[in-house]
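A.B. asks:
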Amino acid sequence: MSRPDNKNEAPRRRRKQSRAGFLEEHPVCCYCNGRRASTERDHAPARIIFRGKHGPENFEFPSCSLCNRASALSEQVTAFYIRSLDQDSSRLDEAEFDKLIEGLVNNAPEAVPFPTFRQNRAYSEMPDRLITIPPMAYQLITLFGTKMLYALHYRVTGKPANPTQRRLVAWQQAGTQGAEDIRHNASQWFDGMIVGQRRNVDLGNQFRFQTGYNERHGYLGLHMSFGEALVFFCVLGPARHMVKLKPKPELYVSIADLGAKIKRRNP
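Counting from 787, one number per residue, gives the positions in the sequence shown under our numbering.
(1) Within its chain, find whatever has a CB closer than 7 Å to the CB of G820; leave out the 5 residues flanking it on each side and keep chain order.
(2) Reducing DSSP to helix, strand and coil, say where L929 ends up.
(3) Have a look at N892 and V863 and give me their C-alpha separation to the nearest angstrom.
(4) Just curious, the beta strand (DSSP E) that D879 is in, first and last residue?
(5) What residue does the alpha helix (DSSP H) around G964 start on, and which one ends it?
(6) Can you tell me the Cα-Cα spacing of D872 and L1031, whole angstroms?
(7) Which of helix, strand or coil does DSSP assign to Y896?
(8) Quick check on G807: buried or exposed, where buried means 16 or more other Cβ atoms within 10 Å of its Cβ?
(9) Please tell me whether G1007 and Q992 are closer than 8 Å, where the distance is taken between their beta carbons.
(10) Going by the CB atoms, is the gap between R952 and M1028 shorter than 8 Å?
(11) Quick one: does the C-beta of P831 sit closer than 7 Å to a heavy atom of the ligand SAM?
(12) Looking at the secondary structure, which residues open and close the alpha helix (DSSP H) in which Y867 lies?
(13) Going by CA-CA distance only, name the one from L929, K1049, D879 and S1040 that's closest to A832.
(14) For R822, report the span of its alpha helix (DSSP H) as first-last.
(15) Quickly, what does DSSP pair D828 with across the bridge? List them, please.
(16) To the nearest angstrom, how far is the alpha carbon of C1020 from that of I868?
(17) Does the Cβ of E861 have 16 or more other Cβ atoms within 10 Å, making it buried, or fewer, making it exposed?
(18) Would you give the residue range spanned by the alpha helix (DSSP H) that A1025 belongs to?
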């Protein structure tokens, strides 16, 4: 006589089957040019970015474990700064924010904006919440933007980014002239913003994005904003053409290798 299913076993089995089907459909990692097999169904943007970890649907991408692990700290740091910089403090969940602070203090103290941050919350009551972002945090937020660029390239083209391409990843705090410049540049590329959505959950403006792809020339543009906190403009295109730009965009590097470089640079 068979034993009845535990109430949690059926959903767990469905998730396992869904994961297996996803990896079968997407057998290689989209973050390392398919050098390694995909072993994980990665959420990009990561769920830690969103309140209650409720991210938009249909933003899942095939990843190897190395690329996924290499980007974990960048997602944690970016989530912290999005919470810190968002001009609408009513969306700040103190318990979630405390976890982010604790994670940064333990895992990346160099990315914390100032040493006494954990004890100092006065900035949250100020109308202007611009803060100085340390170099370590800047590198990690740029890694986050690069991962999103590779993910959306895969979403649009069905192919991983690769070493024949160069990448431009620019971002600024919302409310600055730099952010306005990014939005102006993006308006030359794109139409209206698309808002990431999830059934039964109001994500508000936590994640808005635009993509534009010129198949003939091989350029992909990405414009993203996260609440009223961070604004990104990213481009991935043929290295032989982008090398002529000033300043010269960086060559493609896998997410695993980018994460390792940041770790070596900041022991």
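The beta carbon of each residue, even a glycine, is placed where N, CA and C say it ideally should be.
Note that the structure is a prediction, hence the values are computed from the model and not measured.
C.D. replies: Taking the structure as given:
(1) By 1-based counting over the sequence shown, the position of residue 820 is 34. Exclusion of the five residues before and after G820 leaves V814 and P946 as the residues of its chain whose Cβ lies within less than 7 Å of its Cβ.
(2) By 1-based counting over the sequence shown, the position of residue 929 is 143. It is helical.
(3) Here residue 892 refers to the residue found at position 106 when the sequence shown is read from its first residue. Here residue 863 refers to the residue found at position 77 when the sequence shown is read from its first residue. Their backbone Cα atoms lie some 12 Å apart in a straight line.
(4) For the purposes of this step, residue 879 is identified with residue 93 of the sequence shown, where counting begins at 1. It is not in any beta strand (DSSP E) - D879 carries neither H nor E in the DSSP assignment.
(5) Translated into positions along the sequence shown, residue 964 becomes position 178. Element bounds for G964: Q963 to W975.
(6) As a working note, residue 872 is residue 86 in the sequence shown. As a working note, residue 1031 is residue 245 in the sequence shown. Approximately 32 Å, taken between the alpha carbons.
(7) Translated into the one-based positions of the sequence shown, residue 896 becomes position 110. With the sequence shown as reference, residue 896 is identified as Glu, and Tyr is not the correct amino acid for it. In this structure, E896 counts as helix in the three-state DSSP scheme.
(8) As a working note, residue 807 is residue 21 in the sequence shown. Flag for G807 reads exposed.
(9) Translated into positions along the sequence shown, residue 1007 becomes position 221. Translated into positions along the sequence shown, residue 992 becomes position 206. No. Outside cutoff.
(10) Reading the sequence shown from its first residue, position 242 is the one you call residue 1028. Reading the sequence shown from its first residue, position 166 is the one you call residue 952. Contact: yes.
(11) With respect to the ligand SAM, the structure offers nothing, as it holds no ligand at all.
(12) Here residue 867 corresponds to residue number 81 of the sequence shown, with the count starting at 1. Taken as a continuous stretch (DSSP letters only), the alpha helix (DSSP H) holding Y867 covers A858 to L871.
(13) For the purposes of this step, residue 832 is taken as the residue at position 46 of the sequence shown. Nearest option by C-alpha distance: L929.
(14) Position 36 of the sequence shown, counting from 1, holds the residue named residue 822. From DSSP, R822 is part of no alpha helix (DSSP H); its letter is neither H nor E.
(15) Mapped onto the sequence shown, residue 828 falls at position 42. Paired residues: F847.
(16) Taking the sequence shown and counting its residues from 1, the one referred to as residue 1020 is at position 234. Taking the sequence shown and counting its residues from 1, the one referred to as residue 868 is at position 82. Cα to Cα, C1020 sits roughly 18 Å from I868.
(17) As a working note, residue 861 is residue 75 in the sequence shown. Under a 10 Å Cβ-count criterion, E861 is classified as buried, with 16 or more other Cβ atoms of the shown protein chains found around its own Cβ.
(18) Taking the first residue of the sequence shown as 1, we reach residue 1025 at position 239. Taken as a continuous stretch (DSSP letters only), the alpha helix (DSSP H) holding A1025 covers A1025 to M1028.
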